[in-house]
Amino acid sequence: MDLSLSPAELQFRDEVRAWLSEHHPGPEPQRTEEIVDFRLRWQRTLFDGGYVGIAWPRQHGGRGATLMEQAIFNEEMVRAKAPPPANIIGLVMGGPVIIAHGSDEQRARFLAPILNGDEVWCQGFSEPNAGSDLAAVTTRAEPVDGGWKVNGQKVWTSFAHRATWCMLLARTGDQERHRNLTYFICNMKQPGVEVRPLRQATGDSEFNEIFFNDATVADEDRVGAVGDGWNVAITTLMFERAGLSAASALAIQMELDELAALIRERGRQEDPVLRRRLSALIVDTETMRLNGYRGLSRVIERGVPGPEGSLAKIQWADINQRLGELALDVLGADGLAADSVWTRRMLRARANSIEGGTSEIQRNIIAERVLDLPRMR
Amino acid sequence: MRFDLSDDQRAVRDAIDELCRARWDPAAMRRRVAGEDDGSQLWRELAGAGWTGAAVDQSHGGQGLGTVELALVCEGLGKALAPGTFFGNAAAAVLVQSAGDEQQRQRWLPGFAAGAMRGAIAMVQPDGSALALDADGAAAVVLVGPGHATIAAADSCSFESLDGIDVTRRLTRVHAAQAEPLPGDCGPALDRLEVAIGAELVGVAQRALDLAVEHARTRQQFGRPIGAYQAVSHRCADMLLDVESARSAVLCAAWTADHDAAVLPFASSVAKIAAAQGAWRVTGSSLQVHGGIGFTWEHDCHLLLRRAAASGRLLGGVDSHLDRISELRGLGPRSTTVSA
Chain A
0 MDLSLSPAEL QFRDEVRAWL SEHHPGPEPQ RTEEIVDFRL RWQRTLFDGG
50 YVGIAWPRQH GGRGATLMEQ AIFNEEMVRA KAPPPANIIG LVMGGPVIIA
100 HGSDEQRARF LAPILNGDEV WCQGFSEPNA GSDLAAVTTR AEPVDGGWKV
150 NGQKVWTSFA HRATWCMLLA RTGDQERHRN LTYFICNMKQ PGVEVRPLRQ
200 ATGDSEFNEI FFNDATVADE DRVGAVGDGW NVAITTLMFE RAGLSAASAL
250 AIQMELDELA ALIRERGRQE DPVLRRRLSA LIVDTETMRL NGYRGLSRVI
300 ERGVPGPEGS LAKIQWADIN QRLGELALDV LGADGLAADS VWTRRMLRAR
350 ANSIEGGTSE IQRNIIAERV LDLPRMR
Chain B
0 MRFDLSDDQR AVRDAIDELC RARWDPAAMR RRVAGEDDGS QLWRELAGAG
50 WTGAAVDQSH GGQGLGTVEL ALVCEGLGKA LAPGTFFGNA AAAVLVQSAG
100 DEQQRQRWLP GFAAGAMRGA IAMVQPDGSA LALDADGAAA VVLVGPGHAT
150 IAAADSCSFE SLDGIDVTRR LTRVHAAQAE PLPGDCGPAL DRLEVAIGAE
200 LVGVAQRALD LAVEHARTRQ QFGRPIGAYQ AVSHRCADML LDVESARSAV
250 LCAAWTADHD AAVLPFASSV AKIAAAQGAW RVTGSSLQVH GGIGFTWEHD
300 CHLLLRRAAA SGRLLGGVDS HLDRISELRG LGPRSTTVSA
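Each protein sequence line maps, in turn, to chains A and B.
Residues 0 to 376 (numbering that gives the first Met the number 0) are what the first sequence spells out, left to right.
Residues 0 to 339 (numbering that gives the first Met the number 0) are what the second sequence spells out, left to right.
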């Protein structure tokens, strides 16, 4: 066991830190529509610096660094308060799935524009009637000459209005559940695809609905075998969870530092109840960070992420929600103002235990796949 | 960075598990609860295999193992609900080594390391008396008070046996007439001991989780295993989260104790809180998952719960560690003198 960074890791961290302080793009614009363009420019800067696809193999255009270096990079981005690149979904989920399950032609076609940000990706998994029960998707892809015709509706898709490609999970047969789904890469820039913004509980519109009305997908844009979409999609979700923990914990630590400063600013640093609530959050955030690093060491040994990412996902949601509540209690009446950054965080955190798999689904995964308890169904 | 046990560390863990399987199985533990086994055979086994010297440096006759290794021994013994003799001896050794003077080290450490003279620790109470676990048969007692520690030869102390909540260990009240102070700062030693207690609690919690999962897989109600019901399976998932979080925190703090002294106060407080709260929740949940059978004297659930309740309150309690963490972040009565 060695929790210190190796000389090579230290050198990498210092390089990243120096590069970020030189190239940091400054604060993000306020308006949602400007944010995507801002992050696209930022992704290009990152790409030119060699800091996109850190742990992707070199032959696929990545930096060929270790997963530990990817984690170090993620932490440095958080520490520098640098925005994420625009095509985060392509980088975290779309690309790794093509590397793992795609054909050589697909790798040649799709990976480079994911890295440089020329093509933004979105994820078309959830539907109005297929949320936690993801295998219940009803969006259908029917074989037509040379490809597939898609009809249905997807929901909760970030970046759909700016995306070129959608990771689409669609039903392609009437076999039993989990065997009748296929994973496609669907072009979003076609007449059969309509995107409508979805206003959420915070009042913002981060997400969209997508309507597919006789949209077409070429057969060469299918990833994996017909009927094997469930397995491909599960890989996507495990990559999503594996990438989350250590850097997310650091982001929360920084918010907790802000909250400690707020408590002092309000003259409440001797309030024993507030102090203990804050300390409990600090403890849980630290164990989340450490669980993340232990999980990462295991992924490095085994090569693929495992179901343990579900533990961090539960912790992350729970901590963020308690953090928002504590901040509002510190603010008192000032917390009622809807434009307070803390109020927005408190509201946004309510989605954390739903998005990316609800906390209940994460507990199912832990029970069935880690503890080997009998399946409920 | 590699946050994973090395092969040597895995060997330590496996050796302790093996020793407990052979010498401290549930039947032996039950004999201890019934007062029919004083644990001296297990102690001789631990001494014979060299484990009693784990926490003593080589110049005083010990093995000089790291704190991670010490934690792994404590975890294995906790899983088996072994007596507190190993921890008491290791705690006395760590305190004498870290806060004692050279004369005290030479007088006590070789005996602690060889297992020939056992050490024990006692917590000084507000009335001046002190409470000790498994101090009977010890040669010396280190008495830990707020910010200071003293050592007394056992033949100069009087011991009064008490009924304790943790029936797998012996609770005694110690009166020490001639204790001499350990002159050094005992803070770093106490932090290491909090980590060792945390490790023991990880073992206790792991055992409680294993029992609960086994029961949930096999116990049938309403025509199916109860583990198929989410009220039960989600409770088990939360137990795993507590166990793994405590294990991560304890291993990190153990490594920190040997490599990064400046961060040890924070790391050891996090470890103690995660382990004490986690073990309490997990042992309680395990009893709940077992239902009525878990509330019988014959079942081990209550023994694990009792151990979690007792060890979670050894040295610093959860609240005192929460307060220390907020002070380290610049909040609290002393916050004006602490930088953020």
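In this text, a Cβ means the ideal position worked out from N, Cα and C, and glycines have one as well.
Next item on the list: Identify the continuous alpha helix (DSSP H) that holds Ile-281 of chain A and give its terminal residues.
Entry: Translated into positions along the first sequence, residue 281 of chain A becomes position 282. Counting along the chain, the alpha helix (DSSP H) containing Ile-281 of chain A begins and ends at 271-301.
Notebook entry, point to check: Thr-156 of chain A bridges to which residues according to DSSP?
Noted result: Locating residue 156 of chain A in the first sequence gives position 157, where the first residue counts as 1. Beta-bridge pairing links Thr-156 of chain A to A:Asn-207.
Check: Taking all protein chains shown into account, do 16 or more other C-beta atoms lie within 10 angstroms of the C-beta of Phe-11 of chain A, making it buried, or fewer, making it exposed?
Finding: For the purposes of this step, residue 11 of chain A is taken as residue 12 along the first sequence, with counting starting at 1. Counting Cβ neighbours within 10 Å, Phe-11 of chain A comes out buried, since at least 16 surround it.
Checklist line | Three-way DSSP call (helix, strand, coil) for Asn-351 of chain A in this model | finding: Indexing the first sequence from 1 puts residue 351 of chain A at position 352. Three-state DSSP puts Asn-351 of chain A in coil, outside helix and strand.
Next item on the list: Could you list which residues in chain B have their beta carbon closer than 8 angstroms to that of Asn-290 of chain A, in chain order?
Entry: Here the question's residue 290 of chain A lines up with position 291 in the first sequence. Under the 8 angstroms cutoff, chain B gives Glu-243, Ser-244 and Ser-247.
Check: Below 8 angstroms between beta carbons: does that hold for His-59 of chain A and Val-222 of chain A?
Finding: Position 60 of the first sequence, counting from 1, holds the residue named residue 59 of chain A. Position 223 of the first sequence, counting from 1, holds the residue named residue 222 of chain A. For His-59 of chain A and Val-222 of chain A, no; Cβs fall outside 8 angstroms.
Item checked: Contact check, Gly-347 of chain A vs Leu-280 of chain A, beta carbons under 8 angstroms -> For this step, residue 347 of chain A is matched to residue 348 along the first sequence. For this step, residue 280 of chain A is matched to residue 281 along the first sequence. Position check: residue 347 of chain A holds Arg in this sequence, whereas Gly was assumed. Result no, Cβ atoms of Arg-347 of chain A and Leu-280 of chain A do not sit closer than 8 angstroms.
Item checked: Assigned secondary structure, Asp-213 of chain A (DSSP; H/G/I helix, E/B strand, else coil) -> Sequence index remark: in the first sequence, residue 213 of chain A carries index 214 (1-based). Asp-213 of chain A: strand per DSSP, three-state reduction.
Item checked: Cβ-based neighbour list, Glu-354 of chain A, same chain, cut-off 8 angstroms, excluding 5 preceding and 5 following -> As a first step, residue 354 of chain A is located in the first sequence; it is residue number 355 there, counting from the start. The answer, listed in chain order, is Trp-155.
Item checked: DSSP-derived helix/strand/coil call for Ala-149 of chain B -> As a first step, residue 149 of chain B must be located in the second sequence, where it is residue number 150. The residue you asked about is not Ala; residue 149 of chain B is Thr in the sequence shown. Strand, per DSSP.
Item checked: Length of the line joining the Cα atoms of Pro-25 of chain B and Val-317 of chain B -> Sequence index remark: in the second sequence, residue 25 of chain B carries index 26 (1-based). Sequence index remark: in the second sequence, residue 317 of chain B carries index 318 (1-based). When rounded, the distance between both Cα atoms is 29 angstroms.
Check: Which of helix, strand or coil does DSSP assign to Thr-171 of chain A?
Finding: Residue mapping note: residue 171 of chain A aligns to position 172 of the first sequence, counting from 1. The answer is coil: DSSP assigns Thr-171 of chain A none of H, G, I, E or B.
Margin query: To test your reading of the DSSP string, which unbroken alpha helix (DSSP H) runs of 4 or more residues are found completely within the segment 88-127 of chain A?
Written below: 94-100 and 103-115
Check: Distance, Cα to Cα, Gly-315 of chain B vs Ala-198 of chain B?
Finding: For the purposes of this step, residue 315 of chain B is taken as residue 316 along the second sequence, with counting starting at 1. For the purposes of this step, residue 198 of chain B is taken as residue 199 along the second sequence, with counting starting at 1. So the alpha carbons of these two residues sit roughly 15 angstroms apart.
Margin query: Given a cut-off of 8 angstroms on the beta-carbon distance, is the pair Ala-148 of chain B and Ala-98 of chain B in contact?
Written below: Locating residue 148 of chain B in the second sequence gives position 149, counting from the first residue. Locating residue 98 of chain B in the second sequence gives position 99, counting from the first residue. Cβ atoms of Ala-148 of chain B and Ala-98 of chain B: closer than 8 angstroms.
Next item on the list: Give the secondary structure of Ala-162 of chain A by DSSP, where H, G and I count as helix, E and B as strand, and everything else as coil.
Entry: Within the first sequence, residue 162 of chain A is the residue found at index 163, counting from 1. The answer is coil: DSSP assigns Ala-162 of chain A none of H, G, I, E or B.
Check: Using a C-beta cutoff of 8 angstroms, does Val-369 of chain A count as contacting chain B?
Finding: Looking up residue 369 of chain A in the first sequence gives position 370. Taking Cβ atoms only, chain B reaches closer than 8 angstroms to Val-369 of chain A, which makes this a yes.
Checklist line | Residue burial classification, Leu-9 of chain A (beta-carbon count within 10 angstroms, cutoff 16) | finding: On the first sequence, position 10 is the one that residue 9 of chain A refers to. Per the 10 Å Cβ criterion, exposed.
Item checked: Closer than 8 angstroms at the beta carbon, the chain A residues around Pro-332 of chain B -> The sequence position of residue 332 of chain B within the second sequence is 333, counting from 1. The contacting residues are Glu-269.
Checklist line | Contact list for Ser-278 of chain A against chain B, beta-carbon separation under 7 angstroms | finding: As a first step, residue 278 of chain A is located in the first sequence; it is residue number 279 there, counting from the start. Leu-321, Ile-324 and Ser-325, listed in chain order.
Notebook entry, point to check: Quick one: is Ser-267 of chain B buried, meaning 16 or more other Cβ sit within 10 Å of its Cβ, or exposed?
Noted result: Residue numbering aside, residue 267 of chain B sits at position 268 when the second sequence is read from its first letter. Answer is buried; the Cβ neighbour count reaches 16.
Margin query: Please list, in chain order, the chain B residues whose beta carbon lies closer than 7 angstroms to that of Ser-3 of chain A.
Written below: Locating residue 3 of chain A in the first sequence gives position 4, where the first residue counts as 1. Near Ser-3 of chain A (Cβ distances below 7 angstroms), the residues of chain B are Met-0 and His-258.
Item checked: Residue-chain proximity (Gly-329 of chain B, chain A), Cβ-Cβ < 8 angstroms -> Translated into positions along the second sequence, residue 329 of chain B becomes position 330. Output row for Gly-329 of chain B: interface = yes.
Notebook entry, point to check: Are Gly-331 of chain A and Gly-308 of chain A close, meaning C-beta to C-beta below 8 angstroms?
Noted result: By one-based count along the first sequence, residue 331 of chain A stands at place 332. By one-based count along the first sequence, residue 308 of chain A stands at place 309. Taking 8 angstroms as the Cβ cut-off, Gly-331 of chain A and Gly-308 of chain A do not qualify as a contacting pair.
Item checked: Leu-132 of chain B (DSSP reduced to helix, strand or coil) -> By 1-based counting over the second sequence, the position of residue 132 of chain B is 133. Looking at Leu-132 of chain B - three-state DSSP - the assignment turns out to be strand.
Item checked: Segment limits, beta strand (DSSP E) that includes Cys-185 of chain A -> Taking the first residue of the first sequence as position 1, residue 185 of chain A is located at position 186. First-last of the beta strand (DSSP E) with Cys-185 of chain A: 180-186.
Margin query: Let me make sure I understand the geometry here. Which of B:Asp-16, B:Asp-190 and B:Ala-113 has the alpha-carbon closest to that of Trp-254 of chain B?
Written below: Counting from 1 along the second sequence, the entry for residue 254 of chain B is found at position 255. Closest option to Trp-254 of chain B, Cα to Cα, is B:Asp-190.
Notebook entry, point to check: Helix, strand or coil: how does DSSP classify Cys-185 of chain B here?
Noted result: Taking the first residue of the second sequence as position 1, residue 185 of chain B is located at position 186. Three-state result, Cys-185 of chain B: coil.
Notebook entry, point to check: With 16 other CB atoms within 10 Å as the buried threshold, where does Phe-46 of chain A fall?
Noted result: Here residue 46 of chain A refers to the residue found at position 47 when the first sequence is read from its first residue. Counting Cβ neighbours within 10 Å, Phe-46 of chain A comes out buried, since at least 16 surround it.
Margin query: Using a Cβ-Cβ cutoff of less than 7 angstroms, which residues in the same chain neighbour Gly-63 of chain A once the five nearest sequence positions on both sides are dropped?
Written below: Counted from its first residue, the first sequence places residue 63 of chain A at position 64. Counting only Cβ-Cβ distances below 7 angstroms, and skipping sequence neighbours, we find Pro-56 and Arg-57.
Margin query: With a threshold of 8 angstroms between beta carbons, is Ala-215 of chain B in contact with chain A?
Written below: As a first step, residue 215 of chain B must be located in the second sequence, where it is residue number 216. True, the Cβ-Cβ gap to chain A drops below 8 angstroms.
Item checked: Other residues of its chain near Pro-28 of chain A: CB distance less than 7 angstroms, five sequence neighbours each side excluded -> As a first step, residue 28 of chain A is located in the first sequence; it is residue number 29 there, counting from the start. Cβ neighbours of Pro-28 of chain A beyond the five flanking positions: Ile-34 and Phe-37.
Check: Would Glu-326 of chain B be called buried (16 or more neighbouring beta carbons within 10 Å of its own) or exposed?
Finding: Working through the second sequence from its first residue, we reach residue 326 of chain B at position 327. Glu-326 of chain B comes out buried.
Note to self: Using the three-state DSSP reduction, which class does Lys-271 of chain B fall into: helix, strand or coil?
What the structure shows: Numbered from 1 along the second sequence, position 272 holds the residue referred to as residue 271 of chain B. Reduced to three states, the DSSP call for Lys-271 of chain B is helix.
Notebook entry, point to check: Shortest alpha-carbon distance to Trp-23 of chain B belongs to which of B:Ala-10, B:Thr-66 and B:Asp-37?
Noted result: For the purposes of this step, residue 23 of chain B is taken as residue 24 along the second sequence, with counting starting at 1. Looking at the Cα atoms, B:Asp-37 is the closest of the given residues.
Notebook entry, point to check: In three-state DSSP terms, what is Trp-41 of chain A?
Noted result: Along the first sequence, read from residue 1 onward, the residue named residue 41 of chain A stands at position 42. Helix.
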